[in-house]
Amino acid sequence: MTRVSVVQLGSSADRNANLATIEKSLRTAAENGSAFAFLPEASIYRGPYDPVHVEAEDGPVLGRMSELARELELNVVLGGVWTPGVDPEHADNSCLVFDRTGQIAARYRKVHLFRLDRSGEPADDEAAFTRPGDRTVALRAGELTIGLSVCYDLRFPELYRNLADAGATVLSVPANFSAYTGPAHWEVLLRARAIENLCYVVAPAQIGTDPTGFAAYGHSLVVDPWGNVVARAGDEPAVLTVDVDPALVQARRLELRSPQHARPDVYAHPARIEELDG
């Protein structure tokens, strides 16, 4: 068994206030005996894009995250933070994993960039200021293997099958998920990813409305490999602490071997289209 905590936040554009809330949440996770704490996307800063909030890994805010991980002897999955990309006009949306010594053990750049076009409203277009990643990443961590993703990635099942094929037993989905799509899509997609891959899914989320007017759905979840919700937050800040059992993943995969029955050799070909006459 490995104990993990999933943190729900209502981050704002005030980085100092966000850091204070993050520290309090991480201390709660450590007091609960967790080995891992999962933070949502945009934990450190949630507001309009500004290059001033793009920070190198040795910057002061990420340095403080490193200090907290080391002090608390806690592995911290920082769900999404702007880090410098090769293009100065477009940052990377990076998920960084700090180990118990404060070192960055894994880096994942968000592959799928959010866009939402609602009638009569400006488009939410992450690609306007963010560069998409081009690699999937999983982290071996003792008895767990954690597949990394960020928010909008949730809509692309191929990414999670790739991570499960690499050995992932836990899928991490830190999010700043839209309150417009969340009621219909959030839980059903998280449970689907768990069921399809017979993995745990941990999904820390943001709540509230940021300074741009973007409203986040909240409702952080932990889902077991059978698709059961084992922990759920509402609309308030929260720290959900659960025990993750790798033996349950293995047991479910022995019962139902659907991932082994996938046929990528078939899916690689376009569907044959038949015509109906008359």
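Going from the sequence shown to my numbering is simple: count from 1 and add 1283.
Glycine is no exception: its CB is placed at the ideal position from the N, C-alpha and C atoms.
Thinking C-alpha only, which one of the options is nearest residue i?
i	options	result
Pro1596	Gly1385, Phe1397, Gly1501 and Thr1492	This structure gives no information on residue 1596, because the portion of the chain shown stretches from 1284 to 1561.
Asp1407	Leu1396, Arg1535 and Leu1537	Leu1396
Val1506	Leu1481, Glu1519 and Pro1494	Leu1481
Leu1422	Leu1537, Ile1490, Cys1434 and Ala1449	Ala1449
Asp1436	Ile1387, Leu1427, Phe1460 and Pro1331	Phe1460
Ala1462	Ser1432, Ser1503, Ala1530 and Gly1510	Ser1503
Tyr1332	Ala1410, Asp1341 and Val1289	Ala1410
Val1420	Ser1402, Leu1472, Glu1314 and Ser1455	Ser1455
Val1484	Asp1400, Thr1366 and Leu1431	Leu1431
Val1527	Gln1489, Ala1424, Thr1366 and Pro1405	Ala1424
Enumerate in chain order the residues of its own chain whose CB-to-CB distance from residue i is below 7 Å, with the five nearest sequence positions on each side excluded.
i	result
Ser1326	Leu1292, Ser1294, Asn1301, Ile1305, Leu1361 and Gly1362
Leu1309	Ala1320, Leu1351, Leu1355, Leu1357 and Val1359
Arg1298	Ile1327, Tyr1328 and Val1344
Asp1370	Arg1414
Along the chain, where does the beta strand (DSSP E) that runs through residue i open and close?
i	result
Val1485	Tyr1483 to Ala1486
Glu1324	Phe1319 to Glu1324
Enumerate in chain order the residues of its own chain whose CB-to-CB distance from residue i is below 6 Å, with the five nearest sequence positions on each side excluded.
i	result
Val1549	none
Phe1319	Val1287 and Asn1358
Val1513	Val1505, Asp1507 and Val1525
Gly1330	Ala1296, Asp1493 and Pro1494
Gly1416	Arg1392, Lys1393 and Val1394
In terms of residues, what are the limits of the alpha helix (DSSP H) holding residue i?
i	result
Thr1311	Arg1298 to Glu1314
Leu1531	Pro1529 to Glu1538
Ile1478	Gly1465 to Asn1480
Arg1390	Element bounds for Arg1390: not the alpha helix (DSSP H) but the beta strand (DSSP E), Ile1387 to Arg1392.
Gly1346	Pro1343 to Leu1355
Could you name the residues of the same chain whose beta carbon sits closer than 8 Å to that of residue i, not counting the 5 residues immediately before and after it, in chain order?
i	result
Pro1440	Ala1475, Arg1476 and Glu1479
Pro1542	Arg1444, Ala1447, Asp1448, Glu1479, Asn1480, Leu1481 and Arg1536
Gly1517	Gly1501 and His1502
Q.
I want to know whether the region 1381 to 1399 touches the region 1341 to 1357 - three or more CB-CB distances under 8 Å.
A. Note that the region 1381 to 1399 touches the region 1341 to 1357; at least 3 beta-carbon pairs, one per stretch, sit closer than 8 Å.
(Q) Just to confirm the assignment: which complete alpha helix (DSSP H) runs, minimum length 4, are found wholly within the region 1394 to 1432? (A) Those alpha helix (DSSP H) runs which fall completely within the region 1394 to 1432 and span 4+ residues do not exist here.
Q: Tell me the start and end of each unbroken alpha helix (DSSP H) in the region 1428 to 1459 that is at least 4 residues and wholly inside, in chain order.
A: The qualifying runs are 1440 to 1448.
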